[in-house]
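Start counting the sequence shown at -17; every next residue gets the next number (my numbering). Data first, discussion second: the structure below is written as structure tokens.
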Amino acid sequence: MRLWSLRSTSLSPIPISLAIAPTSLFFLPFFVFFRFITTPQLYYTQIYKTFLNPENILSIFKFSQSTPNVPGKQSKERKYFALFILAILALFFFYASFPLLLGISGAAILYVLLKPIYLKLEGKLGNKCLSAVFALLLSLLLIILPIFGIAYLAFIDISDFLANPENIAQFASVFPDETLLDAEKFVKGHIMEISNFATGLSLTALDTTVSILVNLTVMYIILYYLLTENKKASRAMKNILPFTKKNTEKLASEFSNVINATFLGNGIVAIMMGVLFGTGLYLVGASNVFFWTVAGTISAIIPIIGMQIVWIPITLYYIFEGSYFTAGAIALWGAFLSYIFDGYTRQFVQKKIAEIHPFVSIIGLIIGVTYFGVTGIIIGPLLIALFVLIAKIFREEYLLSWS
């Protein structure tokens, strides 16, 4: 069974190897290692001969005593030493740039999404720099600013709710008196811990804000040069990747399909479901409609689980409150969106753009959120998909030829 099925898109047929340039840097040690050993005549024993042979390890540190540019054993020693230095520097680069992974991945994603627009602008304007600036401004207006605007409005909505004592009293009235007494005792007994937690949360929020701003800056710097120097960087990536020209172009094409399936396909469906869900909440007179609309949109991105994690708790809240009509209407509308609308709409949109198996998305989300936090929603599926793509092409190019 295939992990996913990818279909071609309407993007430019020009090879877009550069799309994987930023993310592929993190796989550089893997590429270099297999570039050196993947020849049929060396096979698996080359690992021992190259890295575990004591003579080779000692020769790395003795090579400087040999005569430069002498063919044979001395040139091989220099190759070992160059490989050793390259691996160390690649590992250091991975470690040092790990906090910037969101910016690097974001640049790769936006490059794939903006490249067709950039090429059209370049054809009309005839200026690379000006075309890239317009493309960056377009992404800022249509993607970045709306995301920050929605997050800010949701934050204001939550703040207004918490600042109103009547809202808190209404929310607390849902729970039994015994539960509220236990909660009050817990708060009084752990007041210092709660205060320290709140202080730490504020510092974390400040650190996260600075990190996001730095990543945004890095993302746009990388994206600018990806767009303006796309041909040079594309040739460089083709030389770095340990695959044939055909497989490199195949990797770039399928990687662009993964990005379109993840961010265009799922994004369009999630926005549609979020807007419809919010409209339903507004019509039945639910409170905090904007916040729940944003929450529903975000949850709709998650495969399999989806919007159920939003509309089920809201339904239970109104049941406990005694608003049975509102609860029933929200339950019916949420079930329709989750079980009927989602399935048909997602299938239709993915046929028009590209399709990715839910297994890849949900595993990527779990791993991404575990190791990268909220940003893992973006990074996780991308890295998992890239790993599977590279493994698939590596198998076709090397392992099948050995069998």
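We put the beta carbon where it would ideally sit given N, CA and C, even for glycine. Computed from a prediction, not measured in an experiment: that's the story for all the values here.
(request) Would you check if there are 3 or more beta carbon pairs closer than 8 angstroms linking the region 99 to 115 to the region 369 to 381? (result) no
(request) Could you pull out every unbroken alpha helix (DSSP H) segment of at least 4 residues lying fully inside the region 247 to 294, listed in chain order? (result) 248 to 265, 271 to 283
(request) Taking Leu84 as part of the alpha helix (DSSP H), name the residues at either end of that continuous run. (result) Within the sequence shown, numbered from 1, the residue matching residue 84 stands at position 102. Note, Leu84: alpha helix (DSSP H), 83 to 107.
(request) Could you work out which residue in Gly249, Gly304, Phe130, Phe259 is closest to Arg328 when comparing CA atoms only? (result) The residue labelled residue 328 in the question sits at position 346 within the sequence shown. Closest option to Arg328, Cα to Cα, is Gly249.
(message) Only counting the same chain, and skipping five residues up and downstream in sequence, which positions put a Cβ closer than 6 angstroms to that of Gly131?
(response) Taking the first residue of the sequence shown as 1, we reach residue 131 at position 149. Cβ neighbours of Gly131 beyond the five flanking positions: none.
(request) Give every residue of the same chain whose Cβ lies closer than 7 angstroms to the Cβ of Thr210, excluding the five residues on either side of it in the sequence, and list them in chain order. (result) Walking along the sequence shown from the start, residue 210 turns up at place 228. Once the five neighbours on either side are set aside, the close Cβ partners of Thr210 are Lys110, Cys111, Ala114.
(message) If you reduce the DSSP assignment to three classes, tell me which class Glu211 lands in.
(response) By one-based count along the sequence shown, residue 211 stands at place 229. Coil, per DSSP.
(message) Quick check: the region 340 to 353 against the region 200 to 216, are at least 3 beta-carbon pairs closer than 8 angstroms?
(response) no
(request) Please report how far the alpha carbon of Tyr353 lies from the alpha carbon of Leu71, in whole angstroms. (result) Residue mapping note: residue 353 aligns to position 371 of the sequence shown, counting from 1. Residue mapping note: residue 71 aligns to position 89 of the sequence shown, counting from 1. Taking the straight line from one Cα to the other gives about 23 angstroms.
(request) Compare the C-alpha of Ser141 against each of Ile86, Phe273, Leu368 and name the closest. (result) By 1-based counting over the sequence shown, the position of residue 141 is 159. Ranking the options by Cα distance to Ser141, first place goes to Phe273.
(request) Measure the alpha-carbon distance for Ala90 versus Trp315 and round it to whole angstroms. (result) To locate residue 90, count along the sequence shown from 1; it is residue 108. To locate residue 315, count along the sequence shown from 1; it is residue 333. Those two C-alpha atoms are separated by around 37 angstroms.
(request) Give me the Cα-Cα distance between Trp293 and Thr226, rounded to the nearest whole angstrom. (result) Here residue 293 corresponds to residue number 311 of the sequence shown, with the count starting at 1. Here residue 226 corresponds to residue number 244 of the sequence shown, with the count starting at 1. If I take the Cα positions, the gap works out to 49 angstroms.
(request) Classify Ala390 as buried or exposed, calling it buried when 16 or more other Cβ atoms lie within 10 Å of its own Cβ. (result) In this structure the chain extends from -17 to 385, so residue 390 is not present and cannot be described.
(message) So the candidates are Phe76, Leu123, Leu73; which of them puts its Cα closest to the Cα of Leu96?
(response) Residue 96 sits at position 114 when you count from the first residue of the sequence shown. When each option's Cα is compared against that of Leu96, the closest is Leu123.
(message) Residues in the same chain with beta-carbon distance under 7 angstroms from Leu135, minus the five sequence neighbours each way, listed in chain order, please.
(response) Here residue 135 refers to the residue found at position 153 when the sequence shown is read from its first residue. Excluding positions up to five away in sequence, the list reads Phe272.
(message) So Thr275 and Gly260 are supposed to be a Cβ contact under 8 angstroms. How far apart are they, rounded?
(response) Along the sequence shown, one-based indexing puts residue 275 at 293. Along the sequence shown, one-based indexing puts residue 260 at 278. Going by Cβ atoms, the distance from Thr275 to Gly260 rounds to 3 angstroms, so yes, they are a contact pair.
(request) Note down the Cα distance separating Leu365 from Glu303, rounded to an integer number of angstroms. (result) Taking the first residue of the sequence shown as 1, we reach residue 365 at position 383. Taking the first residue of the sequence shown as 1, we reach residue 303 at position 321. Distance between the alpha carbons of Leu365 and Glu303 is about 44 angstroms.
(request) Identify whether Phe75 lies in helix, strand or coil by the three-state DSSP scheme. (result) Translated into the one-based positions of the sequence shown, residue 75 becomes position 93. Residue state, collapsed to three classes: helix.
(request) Could you please give the first and the last residue of the uninterrupted alpha helix (DSSP H) stretch that includes Asn239? (result) For the purposes of this step, residue 239 is taken as residue 257 along the sequence shown, with counting starting at 1. Asn239 -> alpha helix (DSSP H) spans 227 to 241.
(request) Identify whether Gly390 lies in helix, strand or coil by the three-state DSSP scheme. (result) The first residue shown for the chain is -17 and the last is 385, placing residue 390 beyond what the model contains.
(message) Please list the terminal residues of the continuous alpha helix (DSSP H) segment that includes Ile322.
(response) By 1-based counting over the sequence shown, the position of residue 322 is 340. Ile322 -> no alpha helix (DSSP H), and no H or E assigned at all.
(message) Quick check: Ile204 and Val94, are their CB atoms within less than 8 angstroms of each other?
(response) Position 222 of the sequence shown, counted from the start, is the residue given in the question as residue 204. Position 112 of the sequence shown, counted from the start, is the residue given in the question as residue 94. No, Cβ-Cβ distance for Ile204 and Val94 is not below 8 angstroms.
(message) Between which residues of its own chain and Glu379 is the CB-CB distance below 6 angstroms, once the five residues before and five after are set aside?
(response) Start at 1 with the first residue of the sequence shown, and residue 379 comes out as number 397. Excluding positions up to five away in sequence, the list reads Phe225, Asn229.
(message) In whole angstroms, give me the CA-to-CA distance for Thr199 and Ser193.
(response) In the sequence shown, residue 199 corresponds to position 217, counting from 1. In the sequence shown, residue 193 corresponds to position 211, counting from 1. The alpha-carbon atoms of Thr199 and Ser193 are separated by roughly 10 angstroms.
(request) Counting only the same chain and skipping the five closest in sequence on each side, list residues whose C-beta sits under 6 angstroms from that of Gly262. (result) Translated into positions along the sequence shown, residue 262 becomes position 280. Contacts found: Trp315.
(request) Have a look at Gly108 and Gly310 and give me their C-alpha separation to the nearest angstrom. (result) Locating residue 108 in the sequence shown gives position 126, counting from the first residue. Locating residue 310 in the sequence shown gives position 328, counting from the first residue. C-alpha separation (whole angstroms): 58 angstroms.
(message) Quick check on the burial criterion: 16 or more other C-beta atoms within 10 angstroms. Buried or exposed for Ile360?
(response) The sequence position of residue 360 within the sequence shown is 378, counting from 1. Counting Cβ neighbours within 10 Å, Ile360 comes out buried, since at least 16 surround it.
(request) Have a look at Ser322 and Gly267 and give me their C-alpha separation to the nearest angstrom. (result) Position 340 of the sequence shown, counted from the start, is the residue given in the question as residue 322. Position 285 of the sequence shown, counted from the start, is the residue given in the question as residue 267. Checking the sequence shown, residue 322 turns out to be Ile, not Ser. Cα to Cα, the separation comes out at about 24 angstroms.
(request) Report back the beta-carbon spacing between Ala282 and Gly256 to the nearest angstrom; my notes put them in contact at under 8 angstroms. (result) The residue you call residue 282 lines up with position 300 of the sequence shown. The residue you call residue 256 lines up with position 274 of the sequence shown. Rounded, the Cβ-Cβ distance is 6 angstroms, consistent with contact.
(message) Relative to the C-alpha of Ile312, which candidate in Tyr264, Ile129, Leu381 has its C-alpha closest?
(response) Numbered from 1 along the sequence shown, position 330 holds the residue referred to as residue 312. It is Tyr264.
(request) Could you tell me whether the Cβ atoms of Met201 and Gly85 are closer together than 8 angstroms? (result) Your numbering for residue 201 matches position 219 in the sequence shown. Your numbering for residue 85 matches position 103 in the sequence shown. It is a contact, given that the beta carbons lie within the stated cut-off.
(message) Using 8 angstroms as the threshold, is the C-beta distance between Ser121 and Leu92 below it?
(response) Taking the first residue of the sequence shown as position 1, residue 121 is located at position 139. Taking the first residue of the sequence shown as position 1, residue 92 is located at position 110. Contact: yes.
(request) Since I believe Val251 is in contact with Asp139 (beta carbons under 8 angstroms), could you give me their beta-carbon distance rounded to a whole number of angstroms? (result) Here residue 139 refers to the residue found at position 157 of the sequence shown. Here residue 251 refers to the residue found at position 269 of the sequence shown. In fact, because the Cβ distance is near 24 angstroms, the residues do not count as touching under 8 angstroms.
(request) Identify which residue in Ala243, Ser238, Ser305 has its Cα closest to the Cα of Ser269. (result) Taking the sequence shown and counting its residues from 1, the one referred to as residue 269 is at position 287. With distances taken between Cα atoms, Ser269 lies closest to Ser305.
(request) Starting from Phe116, trace the alpha helix (DSSP H) both ways and give me its first and last residue. (result) Position 134 of the sequence shown, counting from 1, holds the residue named residue 116. Note, Phe116: alpha helix (DSSP H), 110 to 121.
(request) To the nearest angstrom, report how far apart Gly355 and Gly362 are at their CA atoms. (result) In the sequence shown, residue 355 corresponds to position 373, counting from 1. In the sequence shown, residue 362 corresponds to position 380, counting from 1. For Gly355 and Gly362, the distance between alpha carbons rounds to 10 angstroms.
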